[in-house]
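One structure is given here, and the rest of the page talks about it.
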């Protein structure tokens with residue numbers, strides 16, 4: 257990877273007067289150019305202005321899809337309601353079977369609006385729930401000026417974003433290996449269809465690696481693109497741009513010409529020797545934990561600030577944090593790396609340890625990753641002396657949890673998707689790349705995803721509703737029917753249903769604004785049991801062997817259901833999959849007519865005596881039962 261090094265002593269200085277080159281003249285209503293690694297804005301024009309975005313919406317659709325269903329080989333059976341969507345299409349047919357990966361190619365290359373609806377329906381059970389996940393993900397990424405109303409970007413009031421927000425989304429998409437491959441594909445044949453990417457920059461601009469085009473009458477032409485040169489990645493976004501191909505080429509030319517990725521620090525390099533008290537070893541080396549690069553233009557001055565104690569006291573655990581090296585530009589931090597102790601140092605003072613020379617060795621590439629080796633130290637700066645002071649956690653014991661659980665609790669992704677983040681090297685703990693199985697303490701450790709620190713989990717809302725018959729399990733209804741959203745309007749939060757109950761079905765329905773928990777409960781791998789009380793007409797004795805035996809729906813082999821009589825003409829049915837109208841269709845196949853259907857249990861949560869149409873908040877104990 258070709259990079260140039262800034263001149264580094266105590267300061268990184270470029271000894272020229274600062275002269276910022278004029279940006280390119282472009283025709284877009286809104287535009288932005290950022291560095292893909294650091295996120296630095298290199299050019300902006302009305303970048304925070306909220307505008308309709310058309311089909312570049314599908315970048316979020318794709319991201320939410322792969323995070324909720326990382327196995328892209330999953331087979332999707334196309335429902336009739338997912339076909340015939342207006343606008344660009346991959347021409348899905350009811351009943352045909354495609355992999356999720358094939359649908360993603362149709363979504364991102366052919367810009368299939370039908371593919372977007374199919375992906376949403378498959379991943380979340382219904383489009384409204386999926387759109388709620390999209391908005392939850394946008395909030396997680398800090399896209400404060402973005403709101404989605406659908407998964408495809410077709411004209412809709414209240415559906416908007418900004419150039420800046422879409423650039424932030426594009427950074428995350430390009431870090432996802434599977435999505436980066438798809439958006440960079442020029443042409444491919446999948447599911448009997450030859451799909452060609454609408455992004456002409458893949459042919460027209462050398463180094464272009466993706467992403468997505470869009471157009472509606474209201475939004476105009478929208479484009480998100482990425483280009484790489486000499487190891488540097490740039491991302492450009494334009495909204496309402498009649499000349500977007502030429503404008504993106506001009507933006508990339510400007511960025512590559514005037515901003516080059518400067519190396520500010522290299523990982524695993526000895527930085528300083530710190531004096532040690534209480535050991536036969538007088539000094540311990542500290543080294544840099546990570547590379548630090550940042551795009552700089554001619555004349556910019558970068559300062560290095562070192563946060564290290566003047567002297568340390570034995571014993572010391574190698575690989576733990578000694579301090580930090582921070583780089584600032586115009587007073588703002590632009591990069592940092594932890595400084596780690598290079599080896600163990602024993603306490604050789606009388607009565608405190610053996611009188612021997614401590615094991616201080618030159619460091620290797622290894623460092624603490626949260627797997628149980630030496631604990632890092634948390635520091636703050638003393639205002640009086642300028643030295644670093646140790647902060648001790650009350651009680652002394654670290655509350656370590658697996659990183660998958662931590663990421664899920666902080667709303668980053670489901671636990672399963674978090675494993676993909678870890679496998680891809682996207683997660684660091686105290687400056688070191690973490691692995692699947694590693695543990696950390698979110699209160700003490702610096703945990704980052706794609707270089708961004710975890711946010712504290714937002715306060716979430718978790719409700720149980722006893723849904724009456726005659727209400728649709730959506731947030732809105734184009735036919736004007738009553739929705740479950742009306743029943744929980746007084747809860748003080750915008751919640752969405754976890755799964756669905758049919759219009760004529762009733763009983764236990766969970767609603768929340770927690771996207772990670774929603775993903776977990778709806779994903780088939782979690783096998784959440786659902787129990788129904790079913791009032792039927794017909795020969796129950798003859799139907800029982802059919803209901804309990806092997807059954808298929810839409811060509812899909814169902815797991816055997818537990819079916820037991822619960823009274824005269826009443827059955828208890830326990831299932832796992834929760835396919836569309838599954839219990840009713842099972843009963844019909846067994847020769848029974850369903851008169852009434854009530855869900856009474858989900859997982860270990862029971863409906864109990866909650867009145868019809870009423871809701872209550874889940875207890876802490878109930879949340880623990882859902883999450884285990």
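In our numbering, the protein residues as written are 257 to 884.
No residue lacks a Cβ here, since even glycine has one placed at the ideal position from N, Cα and C.
- By the Cβ criterion, the region 740 to 750 is not in contact with the region 358 to 376, since fewer than three pairs of Cβ atoms, one from each stretch, lie closer than 8 angstroms.
- Using a Cβ distance threshold of 9 angstroms, residue 812 and residue 837 do not count as a contacting pair.
- A contact is defined here as three or more CB-CB pairs under 8 angstroms, and the region 455 to 462 fails this definition with respect to the region 386 to 394.
- Residue pairing by DSSP places residue 451 opposite 444 in a beta bridge.
- Membership of residue 391 in the alpha helix (DSSP H) is indicated by the continuous run 383 to 396.
- Within the region 530 to 584, the runs of beta strand (DSSP E) at least 3 residues long that lie entirely inside it are, in chain order, 539 to 544, 548 to 552 and 557 to 563.
- Under a 10 Å Cβ-count criterion, residue 499 is classified as exposed, with fewer than 16 other Cβ atoms of the shown protein chains found around its own Cβ.
- Membership of residue 300 in the beta strand (DSSP E) is indicated by the continuous run 297 to 301.
- Within the same chain, 368, 369 and 370 come within 7 angstroms of residue 345 by CB-CB distance, once the 5 residues on both sides are set aside.
- When beta bridges are read from the DSSP output, residue 826 appears opposite 791.
- Secondary structure note for residue 481: its beta strand (DSSP E) is the uninterrupted segment 476 to 485.
- The beta-carbon separation of residue 696 and residue 678, rounded to 11 angstroms, does not stay under the 8 angstroms limit for a contact.
- Following the DSSP letters along the chain, one finds residue 428 inside the alpha helix (DSSP H) bounded by residues 419 to 431.
- When 875, 687, 555 and 514 are compared, the shortest CA-CA separation from residue 718 is found for 875.
- Residue 858 is bridged by DSSP to 786 and 861.
- Counting the other CB atoms within 10 Å of its CB gives residue 313 a total of 16 or more, which places it among the buried residues.
- Taken through DSSP and simplified to helix, strand or coil, residue 399 comes out as coil.
- Looking at the DSSP output, residue 361 shares a beta bridge with no other residue.
- When DSSP states are grouped into helix, strand and coil, residue 874 belongs to the coil group.
- Boundaries of the alpha helix (DSSP H) around residue 314: 314 to 324.
- Residue 504 is not a Cβ neighbour of residue 554, given a cutoff of 9 angstroms.
- Take residue 290, set aside five residues on each side of it, and the residues of its chain with a beta-carbon closer than 6 angstroms to its own are 297, 423 and 491, in chain order.
- Per the Cβ contact rule, the region 753 to 771 is in contact with the region 719 to 726 (3 or more Cβ pairs under 8 angstroms).
- With a cutoff of 9 angstroms on beta-carbon distance, residue 310 and residue 470 are scored as near each other.
- Here residue 369 carries a helix assignment [DSSP, helix/strand/coil].
- Rounded to the nearest angstrom, the gap between the Cα atoms of residue 448 and residue 361 is 12 angstroms.
- Per DSSP, the beta-bridge partners of residue 753 are 767.
- Residues 332, 371, 374 and 375 of the same chain have their beta carbon placed closer than 7 angstroms to that of residue 359, with the five preceding and five following residues left out of the count.
- Checking the DSSP bridge columns, you'll see residue 521 partnered with 548.
- When 551, 805, 878 and 680 are compared, the shortest CA-CA separation from residue 845 is found for 805.
- Straight through space, the alpha carbons of residue 731 and residue 383 are spaced by roughly 10 angstroms.
- Across the set 579, 461, 774 and 343, the C-alpha of 343 shows the shortest separation from the C-alpha of residue 410.
- Residue burial annotation: residue 529 is exposed, with fewer than 16 other C-beta atoms found within 10 angstroms of its C-beta.
- Across the set 798, 673, 666 and 547, the C-alpha of 673 shows the shortest separation from the C-alpha of residue 434.
- Only residues of its own chain outside the window of five on either side were considered, and among them 348, 370, 373, 374 and 377 have a CB closer than 7 angstroms to the CB of residue 338, listed in chain order.
- If you draw a straight line from the Cα of residue 317 to the Cα of residue 729, it is about 21 angstroms long.
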